[in-house]
Amino acid sequence: MAGAKRLGRIPPYLFAEIDRKVQEKKRAGVDVISLGIGDPDLPTPGRIVSVLQEVAADPSNHRYPSYFGLTELRESIARWYSERSGVELDPSTEILPTLGSKDGISHVPLALVDPGDVVLAPDPGYTVYVTGAIMAGADPYVMPLTEANHWLPDLDAIPDDVARRARLMWLNYPNNPTAATADRHFLVRAVEFCRRHDIVLCHDAPYSEIAFDGYRPLTLFEIPGAKEIG
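Count along the sequence shown starting at 1, add 231, and that's the number in our numbering.
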């Protein structure tokens, strides 16, 4: 039996393809240094392992958790964000823990876009931006990241008809795989662009704490007006 047509639109998962090629080389006797998925090769700190072992033995943790995430966790996230970025978030209405970034990224389009809408995604970029859009029935539109534009999307190059259909834009800074950063000027322009076209701006920022030489990456909500569209 044939599967859903949307499955035919999904490209091969990049990291699975890289892993397949790595395994082929290893079987051929090649000493491979994999530059695929970022999977830490250092052990988890012992204190974390110990706490996990302790709470695993607590019967109260053997049931379904809160649908909204632990209150203590959401409050802790809000405190961290305030201390880190100087922005106050409401733990009850503005913070929602997920099973991981992929879980959140893949489900966001299901909540925000309808079939035929457009999702704007950077290229190169995390493949789930495009896959999530396709699974929601939307049309992904890739925004090229080029050296000429300092690895930032050229917002002026997005056609008017695409911008009118767009309902979601993904940004990722500090960026993977280019390592580029986005300054305040660009983020202000992105917020203004999304407000003008009624687009939700999602900033995927897993590398926000990886910076060097005293540089502190901006978070999206440090930009005035970002909360209204992000």
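Virtual Cβ for every residue (Gly too), placed ideally from N, Cα, C.
Since the structure is predicted, the reported quantities are computational estimates derived from the model, not experimental observations.
Would you call the CB atoms of residue i and residue j closer than 9 Å?
| i | j | result |
| --- | --- | --- |
| residue 279 | residue 433 | no |
| residue 242 | residue 358 | yes |
| residue 350 | residue 331 | no |
| residue 405 | residue 460 | no |
| residue 328 | residue 401 | no |
| residue 315 | residue 450 | yes |
| residue 281 | residue 305 | no |
| residue 267 | residue 246 | yes |
Based on Cα-Cα distance, which residue from the options lies nearest to residue i?
| i | options | result |
| --- | --- | --- |
| residue 345 | 324, 312, 458, 371 | 371 |
| residue 409 | 356, 427, 452 | 356 |
| residue 383 | 250, 367, 368, 407 | 407 |
| residue 262 | 268, 422, 252, 269 | 252 |
| residue 348 | 430, 274, 299, 416 | 430 |
| residue 264 | 274, 276, 249, 397 | 249 |
| residue 427 | 254, 454, 397, 326 | 397 |
Ends of the alpha helix (DSSP H) at residue i?
| i | result |
| --- | --- |
| residue 346 | Run containing residue 346: none; DSSP gives neither H nor E here. |
| residue 308 | 302-316 |
| residue 459 | 457-460 |
Using only the alpha-carbon positions, how far apart do residue i and residue j sit?
| i | j | result |
| --- | --- | --- |
| residue 321 | residue 399 | 23 Å |
| residue 456 | residue 412 | 20 Å |
| residue 235 | residue 395 | 28 Å |
| residue 420 | residue 386 | 8 Å |
| residue 240 | residue 365 | 7 Å |
| residue 379 | residue 361 | 24 Å |
| residue 290 | residue 257 | 44 Å |
| residue 445 | residue 414 | 15 Å |
| residue 462 | residue 286 | Residue 462 is absent from the model: the chain starts at 232 and stops at 461. |
| residue 423 | residue 308 | 27 Å |
| residue 295 | residue 301 | 11 Å |
| residue 452 | residue 313 | 11 Å |
| residue 390 | residue 416 | 22 Å |
| residue 338 | residue 367 | 9 Å |
| residue 373 | residue 458 | 24 Å |
| residue 334 | residue 341 | 12 Å |
| residue 403 | residue 297 | 29 Å |
| residue 377 | residue 303 | 42 Å |
| residue 418 | residue 369 | 25 Å |
| residue 293 | residue 283 | 13 Å |
| residue 271 | residue 435 | 20 Å |
### Query
If you scan the stretch 351-434 from start to end, which runs of the beta strand (DSSP E) of 3 or more residues do you find wholly inside it?
370-375, 397-402, 431-434
### Whole alpha helix (DSSP H) elements within the stretch 246-286, 4-residue minimum
none
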